[in-house]
Structure formats: structure tokens, C-alpha cells
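*Asks:*
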Amino acid sequence: MPFDPKLAQYNSSLALSSPRDPRLAFVMLPDFRPDPNSTRIELFASVVAAQEGRVRSAGSGSGNPLLAGFVFDMFCSALMGTAAEFGVPAYVFSPPNATFLGFVFHVQKLHDEERVDTTELPDSVGELAVPCLTRPVPRWALPDVVADKVWLPIMLGHTRRIREAKGILVNTFRELESYALDSMGGDDCIPPIYPVDDVAYDDDRTNEIFRWLDDQPDSSVVFLCFGTMGTFGEDQVREIAYGLEQSGHRFLWVLRRPPSDHEPKSNISTDYDDLIDILPEGFSDRTVEAGRVVGWAPQKAILAHKAIGGFVSHCGWNSILESLWFAVPIAAWPMYAEQQLNAFQLVVELELATEMKLSYRMKGENDMIVSASEIERGIRRLMEEGMEKRVKWEEMSEMARKTLMVSGSSFSSTGRFVRDFLG
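Following full-length UniProt numbering, the numbering of the sequence shown begins with 1 at its first residue and continues without gaps.
(1) Once the 5 residues before and after Asp73 are set aside, which same chain residues still bring their CB inside 6 Å of it?
(2) If we count Cβ pairs, one from each stretch, closer than 8 Å, do we get three or more for the segment 180–199 versus the segment 154–171?
(3) If I measure Cβ to Cβ from Ser77 and keep anything under 6 Å in the same chain, skipping five residues before and after, which residues do I get?
(4) Nearest to Ala337 by CA position, among Met362, Leu346, Ala331, is which residue?
(5) Return the chain-ordered list of same chain residues with a C-beta closer than 8 Å to the C-beta of Tyr272, the five sequence neighbours on each side being excluded.
(6) Excluding the 5 residues preceding and the 5 following Asp144 in the sequence, name in chain order all residues of the same chain whose CB lies nearer than 7 Å to its CB.
(7) How many angstroms separate the CA atom of Met405 from the CA atom of Arg377?
(8) With a floor of 3 residues, list each beta strand (DSSP E) that falls wholly inside the segment 309–334, ordered by position along the chain.
(9) With a floor of 4 residues, list each alpha helix (DSSP H) that falls wholly inside the segment 273–305, ordered by position along the chain.
(10) Apply the 10 Å Cβ neighbour rule to Leu66 and answer buried if 16 or more other Cβ atoms are within range, or exposed otherwise.
(11) Would you identify the three-state DSSP class for Cys225, choosing helix, strand or coil?
(12) Which residues in the same chain have their Cβ closer than 8 Å to the Cβ of residue 477, if we skip the five residues on either side of it in sequence?
(13) Can you tell me where the beta strand (DSSP E) with Arg250 in it begins and where it stops?
(14) Could you tell me the alpha carbon to alpha carbon distance between Ile320 and Ile330, rounded to whole angstroms?
(15) Indicate the three-state DSSP secondary structure (helix, strand or coil) for Phe348 in the structure shown.
(16) So, at 6 Å on beta carbons, what are the nonlocal neighbours of Val237 in its own chain, with the 5 sequence-adjacent residues on each side left out?
(17) Distance, Cα to Cα, Ser397 vs Asp187?
(18) Any idea what DSSP makes of Ala372, helix, strand or coil?
(19) On the premise that Cys132 lies in contact with His111, defined as a C-beta separation below 8 Å, what is that separation, rounded to the nearest angstrom?
(20) With a floor of 3 residues, list each beta strand (DSSP E) that falls wholly inside the segment 19–83, ordered by position along the chain.
(21) Can you list, in chain order, the residues of its chain whose CB lies under 7 Å from that of Arg390, leaving out five sequence neighbours each side?
(22) Tell me whether Leu279, by its Cβ, gets closer than 7 Å to a heavy atom of the ligand MN.
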């Protein structure tokens with residue numbers, strides 16, 4: 001797979017730890033090399049298809065305990081037929097949140113029952129009412145999978161198959177998304193939902209970054225990180241740099257290199273050979289005391305550090321959960337996939353986050369440019385004017401931690417799933 005070596009190293013470490021618990025066994029999937037010219041959509045499909053035989057073999061292998069069922073990632077729904085071959089139930093895990101799940105169920109229902117094509121909504125339709133949110137969703141917040149003509153039929157196929165699952169585990173907790181969860185709970189055509197969030201945290205503080213953070217005042221550093229595929233062109237990098245400098249706030253900025261034109265389209269971001277080459281001239285010297293610009297960084301451990309006071313985030317759902325767990329307020333700068341919907345939910349629906357640029361969408365050469373002045377204002381709102389929101393984040397952090405305690409909502413939901421799974 002064309003993924004970051006650090007990710008492969010982490011997966012290998014999990015596999016090596018498996019003998020500690022005899023109930024847990026890892027099946028190592030063979031290395032897969034896609035067509036270097038494949039798009040991300042083609043990559044996802046080919047990866048799933050290539051593993052079907054290995055999944056079937058793992059389910060029927062000698063020495064395995066009695067097979068009780070399968071849990072498939074929602075984007076691996078094409079493999080759900082494997083469960084039927086073994087006569088066991090198929091469950092689905094949704095890494096995105098309950099709001100996204102309810103959203104795609106609604107879009108699929110509109111498409112199949114009312115022939116509504118969300119990729120061709122007329123200009124007069126500025127927003128879309130959905131059962132999983134109290135407020136209608138503006139067009140700019142539609143996820144890529146329902147706004148793109150290539151993605152929509154793929155997502156519709158996944159959603160139809162997911163309806164056939166025995167249950168759906170969702171990466172969320174009830175106290176955060178009770179409205180979306182309740183909206184699906186009353187629909188007989190949607191399987192039972194199990195909200196089962198768990199922010200696993202490995203306190204890896206060996207990185208040089210932490211020696212710098214240890215020297216900063218509490219809640220004084222704004223952290224900028226945009227996920228494994230979130231990258232910017234040189235013009236936008238320059239505006240971010242100037243915006244940070246003009247804000248006067250301490251910062252830790254994770255800056256990654258986009259794939260070049262001659263690299264496979266499916267590649268994710270990588271580290272720059274030398275960050276000086278992409279940053280404005282003199283920026284590093286002028287901000288040497290105020291901030292750090294780095295390549296890959298351990299996001300959860302950084303969010304846990306007492307020096308971090310705000311998070312400029314692409315609004316990937318795991319990043320949101322981690323930020324909630326550690327009570328670090330977010331300035332929303334969504335980039336791709338369902339992140340615009342996540343940002344809308346955080347800023348407008350839940351009134352938890354501040355806005356950096358909600359309508360931003362990463363499109364390669366045609367990316368819009370967020371100006372240095374907009375970035376400066378966004379950072380100031382996040383770090384200086386967000387006391388009320390900071391209190392909300394602390395309350396949500398406490399709720400998130402309680403969900404995993406005995407009798408907590410996620411603890412209870414996980415127990416209910418295990419009981420239902422084992423019959």
C-alpha cells in the first residue's frame with residue numbers, strides 16, 4: 001500500500017503485541033501495489049477486492065475459534081456476502097460519525113424513492129434538510145461522496161448494503177450526537193446502532209517537539225494539523241505563514257508535502273526534505289522563538305500537552321474526537337470528504353467550534369486561497385475570544401471520558417453489541 005511508513009510501522013507493532021491476549025489474533029494482509037495511475041476511488045475498490053480471498057481464508061482457517069460473525073468497515077461493504085457464505089451475521093463499523101451515517105441514509109432514500117440526484121441540485125436549492133440535523137445543510141457542506149458524480153453511485157451501493165447488516169457500530173458517543181442517533185433509531189429500515197467511541201492514547205513524548213512544548217506557557221500554543229492527505233500549494237503556505245506571524249501567537253504547524261505530478265495519484269502526503277524550501281524567506285528566523293514548523297507529528301500526544309490552547313483542524317472525525325477528549329477548542333478548516341459536514345455540525349449545529357474557512361475544499365490546482373488576514377482573525381478568535389466555547393469543550397471532554405466508564409453510554413453500548421453479536 002502507498003501509505004506512510006510510520007503507519008505501517010504502527011500496524012506492525014500492533015501485530016507483534018497480539019500474543020499478549022489469546023483472544024486477539026491479527027491476520028496480516030499481503031502487500032498490495034495498485035496501478036500507479038489509479039485514482040483514490042479506484043485504489044479503494046481494488047484494495048477491497050484484492051483482500052476478499054484472504055478474508056474468506058481467515059474465516060475458515062483451521063485452528064480458528066468458532067466463527068461468530070464479521071465486522072466490516074463501511075467502505076468494505078462489498079465483502080458482506082462473505083458472512084452469508086459462513087451463515088453468520090455481518091456488522092458494519094462506521095469510522096465517520098452518526099450525522100454522516102444518517103446523512104447518507106437520507107440521500108440514498110431520496111435517490112431511490114424520489115429520484116433526487118444530489119449531484120444535480122438546482123441553484124435554487126441552497127440547502128438540504130436532513131433528519132439527522134436540526135438545521136438544513138448548505139450546499140457547500142455536502143460530503144464529496146454525495147456531491148461528486150463518480151462517488152455518488154459508489155456510496156449509494158455501500159449504503160444499500162449497509163442497510164442489510166445486523167447492526168452498525170459508529171465512532172461516536174451518545175452525549176455528542178444524541179439527535180442524529182435518535183433520528184436513525186426510529187427508522188425500521190436502518191439496523192440497530194451501537195455508538196462505541198474510544199480515543200486510544202499512547203503517551204509518546206520522545207519527540208523533540210515536546211521539549212519545545214514543555215517550555216511554553218499553558219494553553220498558549222495554537223496547533224495546526226490537516227490530516228494524512230491535507231496539503232497546500234505554495235501560495236496558501238505563504239498565507240498561513242504570514243497569518244501565524246501576524247497573529248502574534250505561539251504555534252506548532254504540521255506541514256506536509258503533496259504528491260508531485262509524477263507520483264501515483266493515490267499517494268498521501270509526505271514530509272518535505274527541507275521545510276525552508278516551502279516557507280517564505282526569513283519566516284523561520286523571525287519566528288524561531290514563537291513557533292515550530294514540523295513534518296509528521298504525534299497528534300494525540302500533542303493535543304494532550306498542557307501548552308496547546310487551540311487546534312486549527314481539517315475536521316476529520318477522529319481529530320474532532322481527540323480534540324474533545326483533551327478539551328482543545330477547534331477552528332474549523334475542512335478540506336475534503338465529509339469534513340465540510342463535520343465542520344458545519346461543529347460550528348453551526350452544535351456551536352462548539354469557531355470558523356477558519358467552512359466552505360474551503362481541496363481541489364488541487366484550483367484550491368481557493370484563504371488570506372493571511374482571514375487566518376490571523378481566525379487564530380485570534382480561537383485563542384482570545386473563545387472562553388465560552390472553551391468551557392463547552394471542557395464539559396464535552398468530561399462527558400466523553402465518562403462514556404467509557406462502567407455504566408457509561410459507550411461502555412454499555414459496547415456490551416450490548418457483544419451480547420447481540422454472540423447471540
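Here a beta-carbon is modelled for each residue, glycine too, at the ideal position from N, C-alpha and C. The model shown is predicted, which means the values in this text are computed figures rather than measured ones.
*Replies:* Reading off the structure:
(1) Phe93
(2) yes
(3) His158, Arg161, Ile162
(4) Met362
(5) Leu255, Arg256, Arg257, Ile278, Gly295
(6) Trp151, Tyr336, Ala337
(7) 39 Å
(8) 330–332
(9) 283–286, 299–303
(10) exposed
(11) strand
(12) Outside the shown range of the chain (1 to 423) lies residue 477, about which nothing can therefore be said.
(13) 250–254
(14) 8 Å
(15) What sits at residue 348 in the sequence shown is Val, not Phe. Helix, per DSSP.
(16) Ile278
(17) 30 Å
(18) helix
(19) The pair is not a contact, with the Cβ atoms about 16 Å apart (cut-off 8 Å).
(20) 70–73
(21) Pro329
(22) The ligand MN is not part of the structure shown, which contains no ligands of any sort.
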